[in-house]
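Visitor: The numbering used here numbers the first residue of the sequence shown as 329 and each following residue consecutively.
Glycine is no exception: its CB is placed at the ideal position from the N, C-alpha and C atoms.
If you're wondering where the values come from, they're calculated on a predicted model, not measured in any experiment.
This is the structure I have questions about; it appears just below.
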Amino acid sequence: MIVLEFKAYGKPKQYSAIDEAIRTAKFVRNSCIRYWMDNKGVGKLDLNKYCTVLAKQFPFANELNSMARQACAERAWSSIVRFYDNCKKKVPGKKGFPRFKKHCHSVEYKTTGWKLCPDKKSIVFSDKKGIGKLKLKGTWDLWHFDKKLIKRVRIVRRADGYYVQFCINTDINESVSATGTTIGLDVGLKDFYTDSNGNTVPNPRFYRKGEKRLKFYQRRVSRKNKGSANRKKAINKLGKTHLKISRQRVGEACAKRIEHAKILARCVVRSNDLVAYENLRINNMVKNHCLAKSINDAGWYQFRKWMEYFGNKFGKVTVAVNPAYTSQNCSNCGEVVKKSLSTRTHVCQCGCSLDRDHNAAINILERALSTAGHVGTLVLNDPNAWGDLASTVAGANLSQQVDSLNQESPSQSERGVSKLSD
329 MIVLEFKAYG
339 KPKQYSAIDE
349 AIRTAKFVRN
359 SCIRYWMDNK
369 GVGKLDLNKY
379 CTVLAKQFPF
389 ANELNSMARQ
399 ACAERAWSSI
409 VRFYDNCKKK
419 VPGKKGFPRF
429 KKHCHSVEYK
439 TTGWKLCPDK
449 KSIVFSDKKG
459 IGKLKLKGTW
469 DLWHFDKKLI
479 KRVRIVRRAD
489 GYYVQFCINT
499 DINESVSATG
509 TTIGLDVGLK
519 DFYTDSNGNT
529 VPNPRFYRKG
539 EKRLKFYQRR
549 VSRKNKGSAN
559 RKKAINKLGK
569 THLKISRQRV
579 GEACAKRIEH
589 AKILARCVVR
599 SNDLVAYENL
609 RINNMVKNHC
619 LAKSINDAGW
629 YQFRKWMEYF
639 GNKFGKVTVA
649 VNPAYTSQNC
659 SNCGEVVKKS
669 LSTRTHVCQC
679 GCSLDRDHNA
689 AINILERALS
699 TAGHVGTLVL
709 NDPNAWGDLA
719 STVAGANLSQ
729 QVDSLNQESP
739 SQSERGVSKL
749 SD
């Protein structure tokens, strides 16, 4: 499965219709959550049936396509299932009890309620909301895919406009010749990562660079009167700034922008048969208020997801290892050399003297090789380890996608990647 995204252009009346469809989708989703709370033993099929009841009771809900209402029920059910799973697994802390959505930014259609124009440069939404025909602008070519392969269509509202996403059921695997090399990666705040060969990639620090501009727009928002038109304009400016930073970090932007995590992950996976990295618990690490901003700014989580995605696509091995003592143990003799975070050089009595991150990357690779066995076997990752994060499961809703839904094209060119090649 891949997700292709296009910028949508229409008239102000059409944008108002999209906003109304999004509000209706939020209403249906929240109503399904309320129905589940008030009725014990409600299942997924019961929520789908309840969508029909809502359509009969509320005329504005009946205006939304029936399959779009079912997609809203599926979103509600996915949050319920996640809560049940967390309870069964006895996840510590909050279990994620389903909550009502206050803000919603998308509406999702299945196989009906929309139609592509013959030139495949426009799309027509045929339900009673009055969205009509929207022009599509993007770098991907829909001519390569049959309409039957498009399983979902989603309209997303962002700070800089509206987007249409297509979920396409197609094979994403590509054959890449073996390189015979392995690599271990140690991510950090000083450098984005240091590999087992001693090479480093600088940390771009997108949020830090844009923080001054963010504070400027945040002050403008706070100075405006609540509910005023000027406050809405200031909020929109602030949202666009946040959107630009997130696109730079995650790789959700078009090819002309910096797709940091995606390009790095693709280059690393294609260049090696095995990639080892730390199995970091980001949620626990950001509880340190002194480092939380820097950790989130680095984008380690997005980088790992893209590595797992490309590892499955290219048939390469990606191994997440336990990070315990990878910085303390000597990569040469295995002796424990305790050091604080401020100590950036590893010096051992055996004569080994390396950069702290370089030493950790070597330990990460050795630990991965002892776990994965001989590299030539190419034991692939379990698809479930990345499928729900980086691709769409057949029949699943687009809300289960990664943060960056603008997936790469199946015939993605090597633009940008050549800058990082060896």
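(1) Can you tell me where the alpha helix (DSSP H) holding residue 415 begins and where it ends?
(2) Alpha carbon to alpha carbon, how far is residue 383 from residue 390?
(3) Verify the contact flag: residue 525, CB atom, against every heavy atom of the ligand FAD, threshold strictly below 7 Å.
(4) For residue 545, which residues does DSSP report across the bridge?
(5) Expressed to the nearest angstrom, what Euclidean distance is found between the alpha-carbon atoms of residue 475 and residue 458?
(6) Helix, strand or coil for residue 617 per DSSP?
(7) Closest to residue 491 by C-alpha separation, out of 532, 658, 456, 350, would be which residue?
(8) Would you tell me roughly how many angstroms separate the C-alpha atoms of residue 468 and residue 412, rounded to the nearest one?
(9) Whose C-beta lies closer than 7 Å to the C-beta of residue 361 among residues of the same chain, with five residues either side of it excluded?
(10) Measuring straight from C-alpha to C-alpha, what distance separates residue 510 and residue 641?
(11) Apart from the five residues just before and just after residue 359, which ones in its own chain have a Cβ nearer than 7 Å to its Cβ?
(12) For residue 523, collect the residues of the same chain with a Cβ closer than 7 Å to its Cβ; drop the 5 residues on either side in sequence, then sort them by chain order.
(13) Determine the DSSP secondary structure at residue 468, reduced to helix, strand or coil.
(14) Hey, quick one: how far does the beta strand (DSSP E) through residue 485 stretch, first residue to last?
(15) For a test of the three-state rule: what should DSSP assign to residue 656, helix, strand or coil?
(16) Please report the distance separating the alpha-carbon of residue 410 from that of residue 568.
(17) Where do the N-terminal and C-terminal ends of the beta strand (DSSP E) with residue 681 fall, by residue?
(18) Write down the C-beta distance between residue 603 and residue 654 rounded to the nearest angstrom, noting that I regard them as a contact closer than 8 Å.
(19) Go ahead and pull the three-state DSSP assignment for residue 591.
(20) So, for residue 638: in the same chain, excluding its five sequence neighbours on each side, which residues have a beta-carbon less than 6 Å away from its beta-carbon?
(21) So, are the CB atoms of residue 396 and residue 348 less than 8 Å apart?
(22) Contact check, residue 687 vs residue 670 under 8 Å by CB: the rounded distance?
(23) Could you check how far apart the C-beta atoms of residue 626 and residue 531 are, in whole angstroms? I think they sit under 8 Å.
(24) May I ask which residues mark the beginning and end of the beta strand (DSSP E) holding residue 342?
(25) Let me know the secondary structure DSSP gives residue 606 once reduced to three states.
(26) Alpha carbon to alpha carbon, what distance is there between residue 699 and residue 707?
(27) Grab the span of the alpha helix (DSSP H) containing residue 636 for me, first residue to last.
(28) Within a Cβ cutoff of 6 Å, which residues of the same chain sit near residue 704, ignoring the five residues on either side of it in sequence?
(29) Taking DSSP as the reference, what is the three-state secondary structure of residue 723?
(30) Return yes when the Cβ of residue 545 is within less than 8 Å of the Cβ of residue 566, no when it is not.
Guide: According to the data block:
(1) Here residue 415 refers to the residue found at position 87 of the sequence shown. Start and end: 394-416.
(2) Translated into the one-based positions of the sequence shown, residue 383 becomes position 55. Translated into the one-based positions of the sequence shown, residue 390 becomes position 62. Going by the C-alpha atoms only, they are around 4 Å apart.
(3) Among the ligands in the structure shown, none appear at all, so the ligand FAD cannot be discussed.
(4) Your numbering for residue 545 matches position 217 in the sequence shown. According to DSSP, which records beta bridges pairwise, residue 545 is partnered with nothing at all.
(5) As a first step, residue 475 must be located in the sequence shown, where it is residue number 147. As a first step, residue 458 must be located in the sequence shown, where it is residue number 130. Their Cα atoms are separated by approximately 23 Å.
(6) By 1-based counting over the sequence shown, the position of residue 617 is 289. In the structure shown, residue 617 sits in coil (DSSP, three-state: anything other than H, G, I, E or B).
(7) Counted from its first residue, the sequence shown places residue 491 at position 163. That would be 350, whose Cα lies nearest to the Cα of residue 491.
(8) Within the sequence shown, numbered from 1, the residue matching residue 468 stands at position 140. Within the sequence shown, numbered from 1, the residue matching residue 412 stands at position 84. Computed Cα separation, rounded: 38 Å.
(9) To locate residue 361, count along the sequence shown from 1; it is residue 33. 404, 426, 428.
(10) Here residue 510 corresponds to residue number 182 of the sequence shown, with the count starting at 1. Here residue 641 corresponds to residue number 313 of the sequence shown, with the count starting at 1. If I take the Cα positions, the gap works out to 17 Å.
(11) Your numbering for residue 359 matches position 31 in the sequence shown. Within the same chain, residue 359 has close Cβ partners 382.
(12) Numbered from 1 along the sequence shown, position 195 holds the residue referred to as residue 523. Within the same chain, residue 523 has close Cβ partners 511, 512, 513, 689.
(13) The sequence position of residue 468 within the sequence shown is 140, counting from 1. The answer is coil: DSSP assigns residue 468 none of H, G, I, E or B.
(14) Position 157 of the sequence shown, counting from 1, holds the residue named residue 485. Per DSSP, residue 485 belongs to the beta strand (DSSP E) from 478-486.
(15) Here residue 656 is taken as the residue at index 328 of the sequence shown, counted from 1. The answer is coil: DSSP assigns residue 656 none of H, G, I, E or B.
(16) For the purposes of this step, residue 410 is identified with residue 82 of the sequence shown, where counting begins at 1. For the purposes of this step, residue 568 is identified with residue 240 of the sequence shown, where counting begins at 1. If I take the Cα positions, the gap works out to 31 Å.
(17) Counted from its first residue, the sequence shown places residue 681 at position 353. Where residue 681 is concerned, the enclosing beta strand (DSSP E) stretches over 681-683.
(18) Stepping through the sequence shown from its first residue, residue 603 is reached at position 275. Stepping through the sequence shown from its first residue, residue 654 is reached at position 326. About 15 Å separates the two Cβ atoms, so there is no contact after all.
(19) Within the sequence shown, the letter at position 263 stands for residue 591. Correct three-state label for residue 591: helix.
(20) The residue you call residue 638 lines up with position 310 of the sequence shown. Cβ neighbours of residue 638 beyond the five flanking positions: 593, 594, 597.
(21) As a first step, residue 396 is located in the sequence shown; it is residue number 68 there, counting from the start. As a first step, residue 348 is located in the sequence shown; it is residue number 20 there, counting from the start. Going by C-beta atoms, residue 396 is not nearer than 8 Å to residue 348.
(22) Start at 1 with the first residue of the sequence shown, and residue 687 comes out as number 359. Start at 1 with the first residue of the sequence shown, and residue 670 comes out as number 342. About 16 Å separates the two Cβ atoms, so there is no contact after all.
(23) Locating residue 626 in the sequence shown gives position 298, where the first residue counts as 1. Locating residue 531 in the sequence shown gives position 203, where the first residue counts as 1. So it is a contact: roughly 6 Å between Cβ atoms.
(24) Counting from one through the sequence shown, the residue named residue 342 turns up at place 14. Counting along the chain, residue 342 falls outside any beta strand (DSSP E), though it belongs to the alpha helix (DSSP H) covering 340-366.
(25) Along the sequence shown, read from residue 1 onward, the residue named residue 606 stands at position 278. The answer is strand: DSSP assigns residue 606 an E or B state.
(26) On the sequence shown, residue 707 is found 379 positions in, with the first residue counted as 1. On the sequence shown, residue 699 is found 371 positions in, with the first residue counted as 1. In this predicted model, residue 707 has a pLDDT of only 36, less than 50, meaning its place in the structure is not dependable; the value taken from the coordinates is given anyway. So the alpha carbons of these two residues sit roughly 11 Å apart.
(27) Locating residue 636 in the sequence shown gives position 308, where the first residue counts as 1. Start and end: 628-642.
(28) The count along the sequence shown starts at 1 and reaches residue 704 at position 376. Note that residue 704 has pLDDT 37, beneath the 50 cutoff, so the model's placement of it is unreliable and the number below is only indicative. Closer than 6 Å at the Cβ level, and outside the excluded window around residue 704, lies no residue.
(29) Within the sequence shown, the letter at position 395 stands for residue 723. Residue placement at residue 723 is poorly supported in this model, since its pLDDT is 40, which falls under 50; the coordinates still yield a value, given next. Looking at residue 723 - three-state DSSP - the assignment turns out to be coil, as it is neither helix nor strand.
(30) Position 238 of the sequence shown, counted from the start, is the residue given in the question as residue 566. Position 217 of the sequence shown, counted from the start, is the residue given in the question as residue 545. Closer than 8 Å, so yes.
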